[in-house]
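Have a look at the structure below, then the notes.
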Amino acid sequence: MSALSIKRLLIFSLGLLIWFAPTPIGLTPQAWHLFAIFITTIGFVIVDALPIFVASIIALSIAVFTQTLTPKEAFSGFSESFILLIVVAFLLAKGVINSGLGKRVAFMIIKRFGSSTLGLAYSTMLTDILIAPAFPSNTARSGILFPILNALCIDSNSKVEDGTHKKIGSFLMFSSMAGLTLSSSLWLTAMAANPTGVAIAKKMGVNIDYGMWVLGAIFPVLVLFILIPLVLYIIFPPQIKKTPNAPIIAKRELEKMGKFSKNEWIMSIIFISILFLWIMSEAWGLDKTIVALFGLAMLMVSNIFTLNNLKEEGGALEILVWFAILYTLSVYLGKFGFMAWLGEIIAGGVGGQSWQMVYLILVVAYVLIHYFFVSQTAHMLALFSIFLEVGIRFGVDGELMALMLLYATNFNAILTPQGSSANVIYIGSGYITPNEVYKFGGIITLLNTFIFLTIGTVWILWVI
Numbered sequence: 000m001s002a003l004s005i006k007r008l009l010i011f012s013l014g015l016l017i018w019f020a021p022t023p024i025g026l027t028p029q030a031w032h033l034f035a036i037f038i039t040t041i042g043f044v045i046v047d048a049l050p051i052f053v054a055s056i057i058a059l060s061i062a063v064f065t066q067t068l069t070p071k072e073a074f075s076g077f078s079e080s081f082i083l084l085i086v087v088a089f090l091l092a093k094g095v096i097n098s099g100l101g102k103r104v105a106f107m108i109i110k111r112f113g114s115s116t117l118g119l120a121y122s123t124m125l126t127d128i129l130i131a132p133a134f135p136s137n138t139a140r141s142g143i144l145f146p147i148l149n150a151l152c153i154d155s156n157s158k159v160e161d162g163t164h165k166k167i168g169s170f171l172m173f174s175s176m177a178g179l180t181l182s183s184s185l186w187l188t189a190m191a192a193n194p195t196g197v198a199i200a201k202k203m204g205v206n207i208d209y210g211m212w213v214l215g216a217i218f219p220v221l222v223l224f225i226l227i228p229l230v231l232y233i234i235f236p237p238q239i240k241k242t243p244n245a246p247i248i249a250k251r252e253l254e255k256m257g258k259f260s261k262n263e264w265i266m267s268i269i270f271i272s273i274l275f276l277w278i279m280s281e282a283w284g285l286d287k288t289i290v291a292l293f294g295l296a297m298l299m300v301s302n303i304f305t306l307n308n309l310k311e312e313g314g315a316l317e318i319l320v321w322f323a324i325l326y327t328l329s330v331y332l333g334k335f336g337f338m339a340w341l342g343e344i345i346a347g348g349v350g351g352q353s354w355q356m357v358y359l360i361l362v363v364a365y366v367l368i369h370y371f372f373v374s375q376t377a378h379m380l381a382l383f384s385i386f387l388e389v390g391i392r393f394g395v396d397g398e399l400m401a402l403m404l405l406y407a408t409n410f411n412a413i414l415t416p417q418g419s420s421a422n423v424i425y426i427g428s429g430y431i432t433p434n435e436v437y438k439f440g441g442i443i444t445l446l447n448t449f450i451f452l453t454i455g456t457v458w459i460l461w462v463i
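Letter 1 of the sequence shown, counting from 1, is numbered 0 in numbering that gives the first Met the number 0, and no numbers are missing.
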């Protein structure tokens, strides 16, 4: 029997054991069986026994065959607009490349920071942090950053198609994906779940304003901004470290390109318009997905993105399917009461501990439970109020507990491939595999958690 077959047999056996184990008190058989399906699916991906696309399809099929989910429930994830937004952002990236705009921006970055791969990683993360306050969606920001990075990798001869993606591409993509955990943590308006969590905390008597949020996050985020590229440089290194000739080549290529072409101008106008409408979406009541679809339509009318391009982007359909399925399983784990049950079990186990130990256990548990969630917002809505109430009950300062849980909603996003919708765009590029996210994303999440719990806690208690 091959190693792959053994992996599949072990994970499947584990799933069967969970399925046929007695249903825990406080849970329905339906919730327990859905958990068995979900954890088995994740297990197949973690050990690289099945592609995430295949594992997800099998999971959904079993959920319906066993009547754990109805067909209507099983397909509900496909109606979520934010999932379509991920796919459209992936297609918009192709338009940025086709127009030549991505190539120009890539060469401009290489000209300024291209003497080292590490410098490119820092510049990308800094760009994300600076634009984040205006974009209440890390998915939307990934839709901005990804096409630039993709063009940068291609024009640096680091491509998925010919197996050269490890030169600089994989490192840069992972750095950018990790950077989103910081930008979303730093700014109250950088992620949709943040203000929602603040509103929930206010109803529980804990008031957090914009200034308090930023002040509490700024120091641990600064430390992690310095550390994350360095850690990835060690554990997930680019094959090319120094590129001393890159700025010279970039300057020469920019001179060859000359002035902006017609397509670049059109792409720039459409892209900036999309960004502006995304920024104003909350105030004007606009749907972000419709904005993105309209932008894609304009690119097709301008012949910058064609039907042939659409046919070539088969990976976009794959993303739509597996992410929608995992999102659905996650949502119904919450609706069936599994998440609340798990949260209460953990919360009930902290009685008799000092407030410091309660605080530590709750935050770490909150981070680890994200393995079971596909949506950061769903995670926060399911567990934030429970964990905050327990923390306050056992003596943890309300502002400290609320801030750390809300920061954790963001800095744990890279824990799994499905941990954030933004992750899916980077993984869909082919530069990063789901298995690599489980490995190295887990390390980055551990680093984020350690820094926020140590330096971050001391800092928050001092300044707030």
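All residues carry an ideal CB built from backbone N, CA and C; glycine is no exception. As the structure is a prediction and not an experimental result, all values here were calculated from the model.
Exposure label - residue i; buried when at least 16 CB within 10 Å
i: residue 338; result: buried
i: residue 496; result: Lying outside 0 to 463, the shown extent of the chain, residue 496 is not represented and no answer is given.
i: residue 404; result: buried
i: residue 407; result: buried
i: residue 286; result: exposed
i: residue 311; result: exposed
i: residue 375; result: buried
i: residue 58; result: buried
Residue i versus residue j - alpha carbon distance
i: residue 436; j: residue 123; result: 19 Å
i: residue 475; j: residue 27; result: Limits of the chain in this structure are 0 at one end and 463 at the other, which puts residue 475 out of reach.
i: residue 209; j: residue 400; result: 16 Å
i: residue 335; j: residue 252; result: 57 Å
i: residue 127; j: residue 22; result: 45 Å
i: residue 220; j: residue 86; result: 29 Å
i: residue 422; j: residue 273; result: 21 Å
i: residue 171; j: residue 318; result: 21 Å
i: residue 428; j: residue 150; result: 11 Å
i: residue 223; j: residue 93; result: 31 Å
i: residue 8; j: residue 68; result: 24 Å
i: residue 366; j: residue 227; result: 18 Å
i: residue 443; j: residue 432; result: 16 Å
i: residue 46; j: residue 322; result: 19 Å
i: residue 378; j: residue 247; result: 47 Å
i: residue 277; j: residue 217; result: 25 Å
i: residue 238; j: residue 385; result: 45 Å
i: residue 345; j: residue 331; result: 20 Å
i: residue 463; j: residue 70; result: 49 Å
i: residue 306; j: residue 391; result: 56 Å
i: residue 459; j: residue 53; result: 44 Å
i: residue 83; j: residue 231; result: 30 Å
i: residue 99; j: residue 3; result: 43 Å
i: residue 441; j: residue 121; result: 20 Å
Three-state secondary structure assigned by DSSP to residue i
i: residue 93; result: helix
i: residue 241; result: strand
i: residue 80; result: helix
i: residue 122; result: helix
i: residue 115; result: strand
i: residue 186; result: coil
i: residue 296; result: helix
i: residue 435; result: helix
i: residue 20; result: coil
i: residue 415; result: coil
i: residue 3; result: helix
i: residue 52; result: helix
i: residue 352; result: coil
Check whether residue i and residue j have beta carbons under 9 Å apart
i: residue 40; j: residue 55; result: yes
i: residue 383; j: residue 199; result: yes
i: residue 62; j: residue 36; result: yes
i: residue 329; j: residue 371; result: yes
i: residue 250; j: residue 116; result: no
i: residue 425; j: residue 34; result: no
i: residue 289; j: residue 80; result: yes
i: residue 357; j: residue 349; result: yes
i: residue 114; j: residue 243; result: yes
i: residue 140; j: residue 177; result: no
i: residue 414; j: residue 389; result: no
i: residue 169; j: residue 430; result: yes
Chain C within 9 Å of residue i, Cβ atoms only
i: residue 272; result: Any reference to chain C falls outside this structure, which holds one protein chain only.
How do the segment 32-48 and the segment 14-24 stand: do at least 3 beta-carbon pairs fall below 8 Å, yes or no? By the Cβ test, the segment 32-48 is in contact with the segment 14-24, since at least three Cβ pairs between them sit closer than 8 Å.
Check whether the segment 257-273 touches the segment 186-199, counting contact only when three or more Cβ pairs, one atom from each stretch, lie closer than 8 Å. Taking 8 Å as the limit for Cβ pairs, the verdict is that the segment 186-199 does not touch the segment 257-273.
Just checking, does the segment 174-190 make contact with the segment 151-164 on the three C-beta pairs under 8 Å criterion? No, because fewer than three Cβ pairs between the segment 174-190 and the segment 151-164 fall closer than 8 Å, the two stretches do not touch.
Should the segment 140-147 be regarded as contacting the segment 201-208, the criterion being three or more beta carbon pairs within less than 8 Å? In short, these stretches do not touch, since the Cβ pair count stays below three.
With a threshold of 8 Å, are at least 3 pairs of Cβ atoms found where one atom belongs to the segment 263-276 and the other to the segment 298-308? Counting Cβ pairs under 8 Å, three or more are found: they touch.
Taking 8 Å as the threshold, find out whether the segment 449-456 comes into contact with the segment 412-425 through three or more Cβ pairs. No: the two stretches stay apart, fewer than three of their Cβ pairs being nearer than 8 Å.
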